[in-house]
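J.: Basically this note's numbering = 1-based index in the sequence shown + 140. My questions will all concern the structure given below.
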Amino acid sequence: AVLAAGAECGADYAAAVAECGEKQACAGFSQNLSTGAAVKGTCAAWADVGGACTAAPEGTSGISGCKLGLICENAKCAFPPATGPCRTDEMIECDPRSAYCDETEQCVAKKADGEVCDSDSQCQSRDCVGGLCDPGCHP
């Protein structure tokens, strides 16, 4: 059964992912990567930009409560950076809408069609073919 909003969740990672259902997060849950010790979270609706979140402490993996594609910055959900240092402490290092993390660990603008690339994530079209950003067939 899916837990109600406000209920404590997350005896372990599998429980934290499942207990609150798809429309809620086990916000604030974290698990120590070395010891496996878990800190329980609370079931809450996935937060949008500006919504409250809980960043996972260093050395842990956790659920911030932010919607997919957002990061937890100063206890608020935000878009990842489009410029400057990559967020190596987050699953999403740079804003995937406009930037990628380059070899110097800086967020830089995605490349236009015809520019040299190494991966799909470097291209505005999200399609790197034969070492060049390709317009592909995107809606």
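Beta carbons are placed, not taken as given, at the ideal position from N, Cα and C, and that holds for glycine.
Tell me the residue span of the beta strand (DSSP E) that contains ALA185.
T.: 181-185
J.: Among LYS251, SER201, GLY168, which residue has its Cα nearest to the Cα of ASP229?
T.: Here the closest residue by C-alpha is SER201.
J.: Measuring only the C-alpha atoms, how far is GLY191 from ALA155?
T.: 24 Å
J.: Whole angstroms is fine: what's the gap from SER265's alpha carbon to GLY254's?
T.: Linking SER265 to GLY254 through their CA atoms gives a straight-line distance of about 10 Å.
J.: Helix, strand or coil: how does DSSP classify GLN264 here?
T.: coil
J.: Determine the direct distance from the alpha carbon of CYS268 to that of CYS257, and round the result to whole angstroms.
T.: Going from the Cα of CYS257 to the Cα of CYS268 covers about 6 Å.
J.: Report back the beta-carbon spacing between ASP152 and GLN171 to the nearest angstrom; my notes put them in contact at under 8 Å.
T.: 7 Å
J.: Between ALA196 and the rest of its own chain, which residues show a CB-CB distance below 6 Å, the 5 nearest in sequence each way excluded?
T.: SER170, GLY202, listed in sequence order.
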